[in-house]
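K.L.:
In terms of mature numbering (1 follows the signal peptide of the UniProt record, and there is no 0), the sequence shown is residues -31 to -1, 1 to 617. Virtual Cβ for every residue (Gly too), placed ideally from N, Cα, C. Handing you this structure, nothing more for now.
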Amino acid sequence: MNVRTTLRRTAPPLLVLTLAVTIAAPAPAQAAPPDPAKLTSLTATGANPYLSFGAKDAPGARGTAPGMTFGLDGRLTTTRIAAWQRAMATGAEAAASRPGGGTGSYTEREPATVRGRNDTRPELIRGVGSGRPESGSFTIDGTLASEAPVAEPLAPPAEDDGAIPLATETGISAARRAVTTSGTIGDGPHGSAGTGTGDFDFYELTGRAGEVVTADVDTPGAVLDSFVALYAADGTLLGGNDDQAPPDDWSSRFSIELPADGTYYVAVGGYSELLLPADPNDPASGPGAGSEGPYALLLQVAAEDRDSFAVDLDKGDVLGLNVSGGAARLEIFDPSGTQVFGSVVDLSFIVPPSSPLPKGGNAIADHIAAVSGRHRIVIERGAGAYSANAVITRPAAESERRGTKQTLLIDTNGATIDPAIFGTGASGERPVTGLPAFLPNWGLTEADLPRLRDVITRTVNAQLNQARRDARVGELAVRVVTDADGPETWGRPDTSRVIIGGTIEELEIPTVGIAQSIDPGNFAREETAIVLLDLLSGPAGSPVSLNTYLTPASDRVGFVGRVLGTLISHEAGHYLGNWHLSSIDDQLNIMDEGGADPAFFFGVGPDNVGGTADDVFARYGPGPLSTFEGFDGTENTAVRTAWALIKP
């Protein structure tokens, strides 16, 4: 299998629902390609102009980079969970609150000091759901009786320990369950004072299937911007984290369930552009010396309690959860037993305030039921008393007046927008250059614009209809239009838009695309996303430029239009309720993260040329959520998208 592992780095948007007015702005005859000096400046200050989730927020200015964005450059980046947590700590959505109105309660039946009775045999919660007389919101109160191993001290590792074959033996096994140690990233032979390929510290441990390995990296004084990852013995990356806890420095933490009995390896490193070594068995295969400095490490393998509960959902039900107190992870399983959502993070700040789904706490999770039946909720990762809030509701479209359609406006002629709606740190109304100004960069002219708009629109419509068919739902209540199709529709009720145009310099958003929110159930129906065109229309040679894949054999309009349509579907897909999917499989999904393999996302096919017969059409559908964004499980983006636009 060709594995493309895309790690993401992000910082917090403080979401503001804003209805901006689109103003057609005069565009220059031709948009300039990206300014290398500008991009160098952004990178020098800690901003990477290609990141899927936005800029690397520099020390002293943390929490100012964009939110749910999309970027492509062939680089690996990862998630800035800590900055999101800082935003939550100060934002209006920070407080965890029980849903109001019609709230029921359920208390776990397993005794507080007992472990194992409801680990896999769920307790059924009756009388909850989206129908009458069921309760649409309820709480679950329980206790986790997890093992708490005593950590033994371990001597600091000796260099070179920068790969799996050189890993420090921790002695963690059935007899020794946890250790504490310390080390320094940068003191090995491949640090900045050595070969410069990057220093990593690897640790070996053993565990049994179902046990949970926890790695907690503390960075004294925030000198080291750390990350931590878990590998199987064969070098397969199982997950990791960058900047998750605590939220006031560059520390990292993960807790990952072991899939099988065996030996595993934990790698500690410092942030760099590509983050991980190309080969975890080769200590010299790093991407370059990045952040360096000392760290303290807790490694633990433990048997943990988990509490399972069952609820009956109808097809199309929207389930939202959060948990606080002594539990840190939520899971949702569908009737077939497939894990459809797992979460160890609270990203509710990026869910619009108008959403009824629970916000705040240690973690949030959500799911839209693809089929009717009994679904399982699992609460785990921690010890002591917890409280979980749950909401079961229906997609917002179902409550719209009969005949109402959501308009998806593709804005191509330029607009005026305040980037503050994306929480990027930039603010103030500013003009955005329209699509026509970028046409010459792709070798196109104004005469190509009508067909290009048509290809874009047909691509989006085809992808939405494919989602409807695959989700097995009825008619969608949506119309896809461009600003060339008639009177301006932006600002009207039930109208969302994706702007196609603009540059990094104009909006001070170092990315390719960004959406205003993630909105499972589509409760905020007047939102904005944007796809910037400077990188996409840059000179050939950059993996993110469409020109790299254009040859005399290419249907230029067809290729550019299809890729832009897919990017529109991706960004609109966010505010229609989809989180990013990980690029660890070979299935091209519209909601895949950008970054690791632009040619794959652009669908250029085996010939690596765009606009030819072997091009691949991206689709909504099931795929793995990104573990580096704090999620796991299989999200079906076709189901989420279709129910967001269901006919009333």
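Contact between the segment 579 to 592 and the segment 340 to 359: three or more CB pairs below 8 angstroms?
P.N.:
No, the segment 579 to 592 is not in contact with the segment 340 to 359.
K.L.:
Can you check which of these residues, 230, 407 and 162, is closest to residue 177 by C-alpha distance?
P.N.:
Closest by alpha carbon: 230.
K.L.:
What are the start and end residues of the alpha helix (DSSP H) that includes residue 475?
P.N.:
Note, residue 475: alpha helix (DSSP H), 473 to 476.
K.L.:
With distance defined between alpha-carbon atoms, name the residue in 276, 107 and 513 nearest to residue 529.
P.N.:
Ranking 276, 107 and 513 by Cα distance to residue 529 puts 513 first.
K.L.:
In three-state DSSP terms, what is residue 599?
P.N.:
In this structure, residue 599 counts as coil in the three-state DSSP scheme.
K.L.:
Which first and last residues belong to the beta strand (DSSP E) in which residue 591 is found?
P.N.:
Its beta strand (DSSP E) spans residues 591 to 593.
K.L.:
Hey, out of 313, 84 and 502, whose CA is closest to residue 474's CA?
P.N.:
Here the closest residue by C-alpha is 502.
K.L.:
Going by DSSP in three states, residue 439 sits in which element: helix, strand or coil?
P.N.:
Residue 439 falls in the helix class under three-state DSSP.
K.L.:
Within 8 angstroms, do at least three Cβ pairs link the segment 132 to 139 to the segment 171 to 185?
P.N.:
As far as the Cβ criterion goes, the segment 171 to 185 touches the segment 132 to 139, which means the pair count is three or higher.
K.L.:
Under 8 angstroms by Cβ, that's how I've got residue 183 and residue 269 pegged, so tell me the actual separation to the nearest angstrom.
P.N.:
Correct: roughly 5 angstroms between the Cβ atoms.
K.L.:
Is residue 538 helix, strand or coil by DSSP?
P.N.:
Residue 538: helix per DSSP, three-state reduction.
K.L.:
I'd like the span of the alpha helix (DSSP H) that includes residue 606, first residue to last.
P.N.:
From DSSP, the alpha helix (DSSP H) with residue 606 extends over 606 to 613.
K.L.:
Buried or exposed: which applies to residue 620, given that a residue is buried once 16 or more other Cβ atoms fall within 10 Å of its Cβ?
P.N.:
The shown model of the chain, from -31 to 617, leaves out residue 620, and the question about it has no answer.
K.L.:
Quick check on DSSP: helix, strand or coil for residue 616?
P.N.:
Coil, per DSSP.
K.L.:
So what's residue 303 in DSSP terms, helix, strand or just coil?
P.N.:
Coil at residue 303, not helix or strand.
K.L.:
By how many angstroms is the C-alpha of residue 405 removed from the C-alpha of residue 91?
P.N.:
So the alpha carbons of these two residues sit roughly 57 angstroms apart.
K.L.:
Going by the DSSP bridge assignment, what does residue 336 pair with across the sheet?
P.N.:
Residue 336 is bridged to 288.
K.L.:
Which residue's Cα is closest to the Cα of residue 430: 154, 542 and 139?
P.N.:
It is 542 whose Cα lies nearest to the Cα of residue 430.
K.L.:
Got a sec? Which residues, its chain only, sit under 6 angstroms from residue 602 by beta carbon, not counting five neighbours each side?
P.N.:
Once the five neighbours on either side are set aside, the close Cβ partners of residue 602 are 308, 309, 310, 311 and 594.
K.L.:
Am I right that residue 599 and residue 292 are in contact with their C-beta atoms under 8 angstroms? What's the rounded C-beta distance?
P.N.:
With a Cβ gap of about 14 angstroms, residue 599 and residue 292 do not count as contacting.
K.L.:
Determine the contact status of residue 246 and residue 259, defining contact as a CB-CB distance below 7 angstroms.
P.N.:
Not a contact, by the Cβ cut-off of 7 angstroms.
K.L.:
Taking residue 76 as the reference, give the member of 93, 249, 471 and 89 with the closest Cα.
P.N.:
Selected option, being the one with the closest Cα: 93.
K.L.:
Output the boundary residues of the beta strand (DSSP E) element that contains residue 223.
P.N.:
First-last of the beta strand (DSSP E) with residue 223: 221 to 226.
K.L.:
For residue 282, which residues in the same chain have their Cβ closer than 6 angstroms to its Cβ, ignoring the five residues on either side in sequence?
P.N.:
Cβ neighbours of residue 282 beyond the five flanking positions: 338 and 344.
K.L.:
Kindly confirm or deny that the segment 461 to 470 and the segment 378 to 385 touch, where touching means at least three C-beta pairs closer than 8 angstroms.
P.N.:
The answer is yes - the segment 378 to 385 touches the segment 461 to 470, with three or more Cβ pairs under 8 angstroms.
K.L.:
Could you check the C-alpha separation between residue 207 and residue 248 for me, to the nearest Å?
P.N.:
Looking at the two C-alpha atoms, the distance is approximately 14 angstroms.
K.L.:
Does the separation of the CB atoms of residue 154 and residue 123 fall below 7 angstroms?
P.N.:
No, they are not a contact pair.
K.L.:
Is the separation between the beta-carbon of residue 476 and that of residue 388 shorter than 7 angstroms?
P.N.:
Yes, the Cβ-Cβ distance between residue 476 and residue 388 is below 7 angstroms.
K.L.:
Is it true that the CB of residue 518 sits closer than 7 angstroms to the CB of residue 455?
P.N.:
No, Cβ-Cβ distance for residue 455 and residue 518 is not below 7 angstroms.
K.L.:
Residue 118 and residue 279 - do their beta-carbons sit closer together than 7 angstroms?
P.N.:
Their beta carbons are not under 7 angstroms apart, which means residue 279 does not touch residue 118 by this criterion.
K.L.:
Using a 10 Å radius around the Cβ and a threshold of 16 neighbouring Cβ atoms, would you call residue 414 buried or exposed?
P.N.:
Exposed, since its Cβ has fewer than 16 Cβ neighbours within 10 Å.
K.L.:
Enumerate in chain order the residues of its own chain whose CB-to-CB distance from residue 670 is below 8 angstroms, with the five nearest sequence positions on each side excluded.
P.N.:
Residue 670 is absent from the structure shown; the chain starts at -31 and stops at 617.
K.L.:
Under a Cβ-count criterion, where at least 16 other Cβ atoms within 10 Å of its own Cβ denotes burial, should residue 157 be classed as buried or exposed?
P.N.:
Buried, because 16 or more other Cβ atoms sit within 10 Å of the Cβ of residue 157.
K.L.:
Starting from residue 657, follow the beta strand (DSSP E) in both directions and report where the run begins and ends.
P.N.:
Not covered by the structure: residue 657. The range shown for the chain is -31 to 617.
K.L.:
According to DSSP, is residue 544 part of a helix, a strand, or is it coil?
P.N.:
Three-state result, residue 544: helix.
K.L.:
Please report how far the alpha carbon of residue 531 lies from the alpha carbon of residue 607, in whole angstroms.
P.N.:
C-alpha separation (whole angstroms): 19 angstroms.
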